[in-house]
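Going letter by letter, the sequence shown gives residues 765 to 845 in this note's numbering. For reference, the structure is listed below as structure tokens.
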Amino acid sequence: MEDKEFLTEEEQFRKVLSKKEIERIQDPALRELRMNFWQEKYKIALDTKIITSDALLEEAMAKIAKEEETALAEYKKKLNK
765 MEDKEFLTEE EQFRKVLSKK EIERIQDPAL RELRMNFWQE KYKIALDTKI
815 ITSDALLEEA MAKIAKEEET ALAEYKKKLN K
């Protein structure tokens with residue numbers, strides 16, 4: 765992370781982050797958590813065997829987003845203990 769600034773705490777917990785933004789998260793555990801969900805979304809978006817319509821894509825993305833939201837809330841709770 766030589767010339768890249770780390771994201772602020774508020775920024776790293778935004779609902780949507782790009783891959784480049786995720787790479788700028790200082791906390792390795794949080795970075796890994798966010799990257800895992802990013803990769804899951806990416807794989808789903810490319811999986812034309814399972815995702816055969818926009819509606820299925822939206823449903824799958826919403827499910828992953830909800831799981832990510834829950835995981836981030838649990839992570840934040842751990843940080844604040």
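We put the CB at the ideal spot given by N, CA and C, even for glycine.
Assignment of ARG778 by DSSP, reduced to helix, strand and coil, places it in the coil class. For THR834, the enclosing alpha helix (DSSP H) begins and ends at 818–843.
Distance between LYS827 and LYS842, taken at the CA atoms: about 23 Å. Under the three-state reduction of DSSP output, PHE801 falls in the helix class.
In summary, ILE786 is buried, with 16 or more beta-carbon neighbours lying within 10 Å of its beta-carbon over all protein chains present.
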